[in-house]
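Sequence lines, in order, name chains E and L.
For the first sequence, the residue numbers in our numbering are 80 to 366.
For the second sequence, the residue numbers in our numbering are 454 to 704.
Ideal Cβ positions, reconstructed from N, Cα and C, are used throughout, including at glycine.
Source: prediction; values computed, not measured.
Encoded as structure tokens, the structure appears first; notes follow it.
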Amino acid sequence: MTTSAILQAINGTSLAALLFLLASGFTLTFGLMRVVNMAHGAYYLLGGYIGLSLAERTGSFAVAIVGGGASIVVLGYLIDRFLIRHTGDNHLAQVLLTVGVAFIIGDVALAIWGGDALKVPVPPFLRGAMELPGGLVYPTYRFVLILFGVFVGAVLWVLYRKTQIGAVVRAGVDDREQVSATGIDVDRLFVLVSAVASFLAGMAGVVGGAFLALYPGAEWEILVVALVVVIVGGLGSLEGAMVGALIVGLLDAYGRWLLPEFSYFVLFGPMAVLLLVRPRGIFGRES
Amino acid sequence: MSEPLLSVREIHTYYGDSYVLQGVSLDLHEGRIVAILGRNGMGKTTLIRSVAGLTPPREGDVIFKGRSLRGQPPYAIAQQGMAIVPQGRRIFRSLSVRENLLLPTSRLARPSGAAAADGQRKVWDLDEVLKEFPQLAERIDHPGAALSGGEQQMLAVGRALMANPDLILMDEPSEGLAPRLVQQIEEIMKNVREHGHAILLVEQNFALAMAVADFIYVVASGRFVFHGTPQELWGAAEILDHHLGVSGGGP
Numbered sequence: 080m081t082t083s084a085i086l087q088a089i090n091g092t093s094l095a096a097l098l099f100l101l102a103s104g105f106t107l108t109f110g111l112m113r114v115v116n117m118a119h120g121a122y123y124l125l126g127g128y129i130g131l132s133l134a135e136r137t138g139s140f141a142v143a144i145v146g147g148g149a150s151i152v153v154l155g156y157l158i159d160r161f162l163i164r165h166t167g168d169n170h171l172a173q174v175l176l177t178v179g180v181a182f183i184i185g186d187v188a189l190a191i192w193g194g195d196a197l198k199v200p201v202p203p204f205l206r207g208a209m210e211l212p213g214g215l216v217y218p219t220y221r222f223v224l225i226l227f228g229v230f231v232g233a234v235l236w237v238l239y240r241k242t243q244i245g246a247v248v249r250a251g252v253d254d255r256e257q258v259s260a261t262g263i264d265v266d267r268l269f270v271l272v273s274a275v276a277s278f279l280a281g282m283a284g285v286v287g288g289a290f291l292a293l294y295p296g297a298e299w300e301i302l303v304v305a306l307v308v309v310i311v312g313g314l315g316s317l318e319g320a321m322v323g324a325l326i327v328g329l330l331d332a333y334g335r336w337l338l339p340e341f342s343y344f345v346l347f348g349p350m351a352v353l354l355l356v357r358p359r360g361i362f363g364r365e366s
Numbered sequence: 454m455s456e457p458l459l460s461v462r463e464i465h466t467y468y469g470d471s472y473v474l475q476g477v478s479l480d481l482h483e484g485r486i487v488a489i490l491g492r493n494g495m496g497k498t499t500l501i502r503s504v505a506g507l508t509p510p511r512e513g514d515v516i517f518k519g520r521s522l523r524g525q526p527p528y529a530i531a532q533q534g535m536a537i538v539p540q541g542r543r544i545f546r547s548l549s550v551r552e553n554l555l556l557p558t559s560r561l562a563r564p565s566g567a568a569a570a571d572g573q574r575k576v577w578d579l580d581e582v583l584k585e586f587p588q589l590a591e592r593i594d595h596p597g598a599a600l601s602g603g604e605q606q607m608l609a610v611g612r613a614l615m616a617n618p619d620l621i622l623m624d625e626p627s628e629g630l631a632p633r634l635v636q637q638i639e640e641i642m643k644n645v646r647e648h649g650h651a652i653l654l655v656e657q658n659f660a661l662a663m664a665v666a667d668f669i670y671v672v673a674s675g676r677f678v679f680h681g682t683p684q685e686l687w688g689a690a691e692i693l694d695h696h697l698g699v700s701g702g703g704p
């Protein structure tokens, strides 16, 4: 019983690491530009597929991760520049537009990679299981994923909290107009933040596609859970994405284990209760 | 007289559907303070926003350092040497005092590297600003949200100075401040003028505007109904009485 409980905690934490990669980009682009990009799940799936093809061609997981992320940076830029920019502050238009973009990406991916569930091959040293302190045996890949998530989170946090460019982004989240009146081109800043978000989403697809598999519809499943992370943590907050990912990851793992029939309720029930108490999420602020 | 630093020419500005500025013109020379007086809702803030490019005029032109600002986005206008101390201070609440002050020095705000500093004028950096506002030095690592109203106003002025602008636009800096702090704002503005910066001040506080301004415009319903020196304004009893609610009769 306790061993299972601990294993579920590790399961939940490794899912949290993956969700954080996806949710952090979503929350920062929303915080800075109030852009709701529902294609984030499709970015995840497409990044994963591209990573899969790269891994099969080159045999390198690192190339897959970087290539999957980089290709989504290019795609994300084009979609921002030529589609989303025209929607201004109209959130409904953004949602409809980006949902449409997500469907197109999903169809193109279906045509190229087919309808079967595919897994990104991982290098031999990440395969199999490892022994954790206390005699627990756990899949190596998912354990390393936790370390990777913590590493990416730490890098993002230092960039966001401790550098001047991070201060400019935080200022933009506070008061975009005043940032531009200070002489800073917020649109250019957004290109940078959006590129980071796209890279993280594409990279998450490769990393996640190695254990959750890639298949048509996976983009919506992951998007819904990532949105719960963002809403629970508080839109626009990096710390919120971290804490939200951990909460959602653990709820999902324990929900599937203890109440498998109600696993969706275990996810959405607490979110509804939290929103009653804190409508803006844990780290959300009045705007 | 030399070319004005800022020349507003016959601008018409709309805020949504309402026709706020109905053809106003003004000149401001280097190292001077020009004040716009008027009651609430007469278009004072809109004038500041028009000059800064935040609410661009639909007609007319704003000339800054001899160049038209028409069609330029706010960040490009700011980079040419204009800083704003906005109404309500608009401190970046989640940034520390230090981060607030350093924001205008970011490379993103000065793509060309070195702006400002034309030789004789004082160069404002973090040390100089903290010398001018010692109360900010004590709270340098506090978040902007934790400051009092007076401290936020000092921070807003300090942030503007960090850009080393030729022109500072100030929108009701005395709003909500205790008389002692209004006094301090007055001293700071005179001091800033000493250092060669021009100020376009928009105020409801009659005494403050009269004390610092070299030249005054009175705005009513989107038009200027008076322009002249503070002495001349003292003589314009009808303007004082009708548009500013002050009874005339000399200082």
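- For Tyr-670 (chain L), the enclosing beta strand (DSSP E) has its first and last residue at 668–673.
- Arg-612: these are the residues of the segment 600–614 of chain L whose beta carbon lies less than 8 Å from some beta carbon of chain E, given in chain order.
- When the five nearest sequence neighbours on each side are left out, the beta carbons in the same chain lying within less than 7 Å of the beta carbon of Gly-245 (chain E) are those of Leu-238 and Tyr-239, in order along the chain.
- If you draw a straight line from the Cα of Ala-651 (chain L) to the Cα of Ile-489 (chain L), it comes to about 14 Å.
- A direct Cα-Cα distance of roughly 21 Å separates Ser-549 (chain L) from Pro-626 (chain L).
- The closest CA to that of Gln-684 (chain L), considering only L:Asp-667, L:Arg-523 and L:Gly-602, is found on L:Asp-667.
- For Arg-462 (chain L), no alpha helix (DSSP H) encloses it; the enclosing beta strand (DSSP E) starts and ends at 459–468.
- Membership of Pro-218 (chain E) in the beta strand (DSSP E) is indicated by the continuous run 215–218.
- Between the beta-carbon of Ala-276 (chain E) and that of Gly-104 (chain E) there is about 3 Å, and that keeps the pair under the 8 Å contact cut.
- Residue pairing from DSSP places Pro-596 (chain L) in a beta bridge opposite L:Ser-549.
- Distances from the CA of Gly-91 (chain E) to each of E:Ala-324, E:Gly-363, E:Val-258 and E:Ala-351 were compared; the closest alpha carbon is that of E:Ala-324.
- In the same chain as Arg-542 (chain L), and ignoring 5 residues on each side of it, the C-beta atoms closer than 7 Å to its own belong to Gln-605, Gln-606 and Ala-609, in chain order.
- Straight-line measurement puts the Cα of Gly-228 (chain E) at about 30 Å from the Cα of Ile-191 (chain E).
- The C-alpha of Arg-523 (chain L) is placed about 11 Å away from the C-alpha of Thr-508 (chain L).
- For His-695 (chain L), DSSP records no beta bridge to any residue.
- With its beta carbon less than 8 Å from one in chain E, Ile-537 (chain L) belongs to the interface.
- At least one beta carbon of chain L lies nearer than 8 Å to the beta carbon of Val-247 (chain E).
- Look at Leu-490 (chain L) here: in three-state DSSP terms it is strand.
- Linking Gly-148 (chain E) to Val-285 (chain E) through their CA atoms gives a straight-line distance of about 8 Å.
- No Cβ of chain L is located within less than 8 Å of the beta carbon of Glu-300 (chain E).
- Assignment of beta-bridge partners to Ile-652 (chain L) by DSSP yields L:Ile-486 and L:Ile-621.
- Each residue's CA atom was taken as its position, placing Val-345 (chain E) and Leu-330 (chain E) some 7 Å apart.
- The beta carbon of Pro-527 (chain L) falls within 8 Å of a beta carbon belonging to chain E, placing the residue at that interface.
- Here Gly-496 (chain L) is buried, its C-beta having at least 16 other C-beta atoms within 10 Å.
- Using a 10 angstroms sphere on the CB of Thr-82 (chain E), the tally of other CB atoms stays under 16, which defines it as exposed.
- Secondary structure in the segment 184–240 of chain E: no alpha helix (DSSP H) run of 4 residues or longer lies completely within the stretch.
- Rounded to the nearest whole angstrom, the CA to CA distance from Val-252 (chain E) to Met-112 (chain E) is 8 Å.
- The CB of Thr-108 (chain E) never comes closer than 7 Å to any CB in chain L; the least such distance is about 17 Å.
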